[in-house]
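I have placed the structure first, in the form of structure tokens, so that the comments after it can refer back to it.
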Amino acid sequence: MSQEIQEPKPTAAQQFEDKFFRPFRIVISSILKYAWLILWVMISLAPITWMVSAAFSPVRRLNRVSVIPNPFEWSLVNYREIFTYRSSTGQMFPDYVEAFMRTLFIAGFSTILTVILSSLVGFAFTRYRFAGKKKVLLTMMVLQMFPSFMGMIALFLLFQQFGWLNSPSRMALIYVAGAIPYNTFIVRGFMRNIPKTLDEAAAIDGATNLQVMLKIIVPLATPIMGFVAVTAFMAPWMDYILPSILMPQNEVVAQWLFNINDPESQPHEPMQFMAGALFLAVPIMLVQIYMQRYVVYGLTQGAEKG
Amino acid sequence: MDFIKKLLSSIAGFLMKVGKFLDFRDKDDVTEAAERGETPKVDKSKAKKRGFQSLFMGFGQIRNGQWYKGYPLMFVFFAFLIAEIATSTYIYAPAEIANHPAEDTLYFFRDYGGIFTRGVWGFFTLGAVTTYSVYRGQDIRARGGIYDWAAGDNSRALLGQGIIVLVLLAFLAGLWYFSVKDAYRTRLKIEAGIAVERFKDWIQRVWDEFFAYIIIIPAVALITLFTLIPFIFSFLVAFTNYTGRITLGTQLIQWHGFTTFANVFGGMEGWGTFFRRVFLWTVFYAIMSSFTVYVLGFIQAMVIESKYVIGKKVWRLIMILPWAVPGLISLMIFNNVFADSQGLMNQVLADLDITQDVKYILQRIGLVGQQAALPREDLTGNILWFSHSGNAYLARAIIIMVNLWMGAPYFMLLITGVLGTIPFSLYEAADIDGASSFQKFRFVTFPWVVRATAPVIITTFTFNFNNFGAIYFLTGGGPGYPRAEIPQTLRGIAPGQTDILISWIYKLSFQSTVNHYNLAAVYSILIFLLIGTFAVWNLARLKSFWEED
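Chains A and B, in that order, give the protein sequences. The first sequence begins at 10 in the numbering used here and counts up one residue at a time. The second sequence begins at 2 in the numbering used here and counts up one residue at a time.
In structure tokens:
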């Protein structure tokens, strides 16, 4: 028995409402929505435009810089300063450039190792059964939860013991060790969706473990390895505490930013801080905006399976 | 190479002779039985006996004909042994002990032990000799030169070395256990008449079957060195009396059990109160910052995704900019915004000439305790956002708002994505039931989104609980507590009023007049227990985690 849903006949009052009130409501709600959005655009942008304004401002005092950049009054004096200032005369590069290159090295080095190692672990965890697998993964994830500052005292000792202080490549290893658990988790989530029939077919054709890994899984897993690479590359740029303890004499950009903005250290130049920060923030922001698509992807990784 | 081979085989031969000597039943009956064409009966007890007789690492393997396992195992063992002997001074012990018979037993391993025995000794005792003691007739202050061995002990280094040594010894013990077990198993096979694998077959089998282990070795080694060992170190510091008062090399650190834990929970006057204060603020901060960020993100997503809003992509792009700016930079910018006299906010308020009005309003709603222009305070009447001890609530409110600015876009993105996954049929069904738009939100959109984002909410909470940067780079923990409120026991290590546990830990470890490493370690353990449990629970809820691959 099929029954049509009977539309009730609109009353006169409803007709009136449909005709006059609804458009009115739409207009009101649209005005409210746009007002809300414009308000939040202003709130969102104000600190950023202030940074831009300060970076290109000829003014010497930060609180004299307007929030909106003034297109008629700008200068590159801050940039000239940070790209020429050398704290000691024998330096080949200015402090800022040197810190930048050092960070670039750390980021690159740790990225390569992180991608290789977490892919290997992710591969082992999805493709093989072995004793203690879950325990290893859980231990790695739980160890992450321990506040790292206390560990830093131990790391400082370790580095002192081996004479590794102020060595960028050794410090990069710490980033790698820190990045492996989370990235393994991510890689594992991706690799388990690569059908196992592929491996089995390859194994029947006589492929070895290594061949299965390098010729089948790795090519298919390049997207997630790219994701891991980007996150690993981004991490060292804005890390201040670890380098400040392990590399007191070799500044990375985060230390440069912190020190130049710190009223208690010399030189204290908030204007140059803004200029340096903007120069770093722009590429990072572009990457972040590009990476926003993975925000939802990360959630579906975690949640839809849950 | 030949020389080494000869040396190794002669050592092995010697050891085999020793083994034969120890192994007083004749071994040939198995072979004889095989020659007669019989299958020898497996005698487990015999194999067991033989297995345990080859307690020496690698020896059982060599006797079983598996030189490829035996030599590497023996090599590892000898590497440990040689390292121990080479770093020790046992040869001097007899003569010296004869000269100083009184102290010999106490410090034997300290003075003569090699890297391993000395490490274990140091781990348990944390040193014995201080600079001001006179030891074996020598003044310990005589550092350097020939009396260097008698310098005071550095407890911290001893603890660190002890942990590394114990980890290495644990590795050796594991390998040893494997060696004995493996020798026993192979022996069982031999007694059953099964041929022992050839080297080539073994390598092939290991490469195939243990491939998973082999490829995770580098990662596990890195994590052991840079995560596990520091973790053990900091965990153990909680059970010592290590603070900045101890001058390393002059005074000793001592194990003192749960004393620091007891001090935190009421043993030391004032510590419990301040721990409770900081802990409550941490929890409040973590909950509030996660909650506000989620709510605003939800609103933004709903507004941008609603009907009649054009240019959705442009709005979204602008809105996510705060999220795209690196957190460290945003926080330092806001630190400049709310600086005392050089700050943008004070300048804007002064330019608009509303400083006193704003201050008055903030005072009325209880956020500001700063009185108007006291003589010793800032003469301009600026609002001291993060530095006046009466303004704690203001500083806390600003922290949560800055966090909102930084974090809301992420949830906007996330919830926008989730909104797209809601099946349209649900809304159609709701329409048929005559649901109003609020009801549709209440019974369709909201439950769906919350269910999908629940794990992220929990992760955000745990992240904020330990969000060191949000405090340290913005307020630096300030404003401090009024001096009168800080008990004598906390002078120099007191938290600021906006410090959360993790930023207090940082101050305790690195920035106090007298660093309290043990207290910081205790707090770390407490955070670890709380957040670790939370995280494991969160992980355990994910079916995908436990699913067998």
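Ideal Cβ positions, reconstructed from N, Cα and C, are used throughout, including at glycine. Every value quoted in this text rests on a predicted model; they were computed, and no experiment measured them.
{"query": "Opening and closing residue of the alpha helix (DSSP H) in which G198(A) lies", "result": "177 to 200"}
{"query": "CB contact check: I216(B) to chain A, cutoff 7 Å", "result": "yes"}
{"query": "Residues that Q252(B) bridges to, as DSSP identifies them", "result": "L249(B)"}
{"query": "As assigned by DSSP and simplified to three states, the class of G194(B)", "result": "coil"}
{"query": "G497(B), DSSP secondary structure in three states", "result": "strand"}
{"query": "Minimum length 3: unbroken beta strand (DSSP E) runs contained in the region 457 to 503 of chain B", "result": "none"}
{"query": "Terminal residues of the alpha helix (DSSP H) in which L287(A) lies", "result": "279 to 300"}
{"query": "Cross-chain neighbours of L54(A) in chain B, by beta carbon under 8 Å", "result": "I319, L322"}
{"query": "Proximity test, Cβ basis, 7 Å: F118(A) and chain B", "result": "no"}
{"query": "Closer than 7 Å to chain B by CB, Y184(A)", "result": "no"}
{"query": "Contact under 7 Å by Cβ, T293(B) with F387(B)", "result": "no"}
{"query": "Extent of the continuous alpha helix (DSSP H) run through K308(B)", "result": "Neither: K308(B) is in no alpha helix (DSSP H) and is coded neither H nor E."}
{"query": "Listed by chain order, chain A residues near A325(B) by CB distance under 7 Å", "result": "M294, Q297, I298"}
{"query": "Within-7 Å CB hit, I330(B) to chain A", "result": "yes"}
{"query": "Own chain partners of M149(A) with C-beta closer than 6 Å, once the 5 adjacent residues on each side are dropped", "result": "P190"}
{"query": "The region 254 to 267 of chain A in contact with the region 70 to 90 of chain A per 3-pair CB rule at 8 Å", "result": "no"}
{"query": "Contact set between G161(B) and chain A, taken where Cβ atoms lie within less than 8 Å", "result": "A163, L166, L167, Q170"}
{"query": "Counterpart residues of T241(B) in DSSP-defined beta bridges", "result": "W256(B)"}
{"query": "Within-7 Å CB hit, I57(A) to chain B", "result": "yes"}
{"query": "Cβ contact (3+ pairs, closer than 8 Å) linking the region 440 to 448 of chain B and the region 457 to 475 of chain B", "result": "no"}
{"query": "Reduced DSSP category for I532(B) - H, G, I as helix; E, B as strand; rest coil", "result": "helix"}
{"query": "Contacts that D209(B) makes with chain A (C-beta to C-beta distance below 9 Å)", "result": "T217, N218"}
{"query": "Cβ of V291(A) within 7 Å of any chain B Cβ", "result": "no"}
{"query": "Nearest residue (CA-CA) to V237(A), options D214(A), A216(A), W45(A), Y184(A)", "result": "Y184(A)"}
{"query": "Chain-order list of residues whose beta-carbon lies under 6 Å from that of I416(B) (same chain, five-residue window excluded)", "result": "G298, F299, A302, V450"}
{"query": "Cβ pair count under 8 Å reaching 3, the region 222 to 234 of chain A against the region 123 to 130 of chain A", "result": "yes"}
{"query": "Through-space distance from N268(A) to P276(A), alpha-carbon basis", "result": "8 Å"}
{"query": "Check whether W122(B) and G114(B) have beta carbons under 7 Å apart", "result": "yes"}
{"query": "Contact list for G533(B) against chain A, beta-carbon separation under 8 Å", "result": "V151, M154, F155"}
{"query": "Integer-rounded CB distance, given that L266(A) should sit under 8 Å from V329(B)", "result": "A quick correction: the sequence has Leu, not Val, at residue 329(B). With 8 Å as the limit, L329(B) and L266(A) qualify as a contact, their Cβ atoms being about 7 Å apart."}
{"query": "Interfacial residues, the region 405 to 433 of chain B to chain A, with Cβ spacing under 9 Å", "result": "W406, A409, P410, Y411, L414, L415, T417, G418, V419, G421, T422, I433"}
{"query": "Pair within 7 Å by beta-carbon distance, G160(A) and P231(B)", "result": "yes"}
{"query": "Per-residue contacts from M289(B) into chain A (C-beta, under 8 Å)", "result": "Residues of chain A passing the Cβ test: none, with the nearest at roughly 18 Å."}
{"query": "Under the three-state DSSP convention, the category R138(A) falls into", "result": "coil"}
{"query": "Interface partners of A396(B) on chain A, CB under 7 Å", "result": "The premise fails here: A396(B) is roughly 17 Å from chain A at the closest Cβ pair, so nothing lies under 7 Å."}
{"query": "CB contact check: N72(A) to chain B, cutoff 7 Å", "result": "yes"}
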